[in-house]
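Peer 1:
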Amino acid sequence: MDEHSADTLLKLYPDFLEGLSLDLPQGEKIVYGDQVPYVNTFGEVGFGKPVIYINDLLYVSLAINQRNFVAK
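Below, the structure written as structure tokens:
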């Protein structure tokens, strides 16, 4: 993540590095809700744990360590 992207993200979400409270809706129903930590590497969390990270294209991404997030 370049310096300007990180600055913008931290201005919008000052507590971003602490993680985010995430609710994903599908219609009127919340299909996923959790407190998700921001990590630099997947090794910072256990197997099957959700993470927010910056991917190779410098986008903020959501994943589950060694699992399929969509299947969850």
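When you line the sequence shown up against our numbering, it's residues 11 to 82, in that order. Idealized CB from N, CA, C, for every residue including glycine.
1. Quick one: grab the DSSP three-state call for K21.
2. Please state whether the Cβ-Cβ distance between Y48 and F79 is less than 8 angstroms.
3. May I ask you to list the residues that DSSP assigns as paired with D33?
4. Can you tell me whether L67 is helix, strand or coil according to DSSP?
5. Beta-carbon separation of K76 and G53 under 8 angstroms?
Peer 2: Taking the geometry as given:
1. Correct three-state label for K21: helix.
2. no
3. Bridge partners of D33: G43.
4. coil
5. According to the sequence shown, residue 76 is Gln rather than Lys. Not a contact, by the Cβ cut-off of 8 angstroms.
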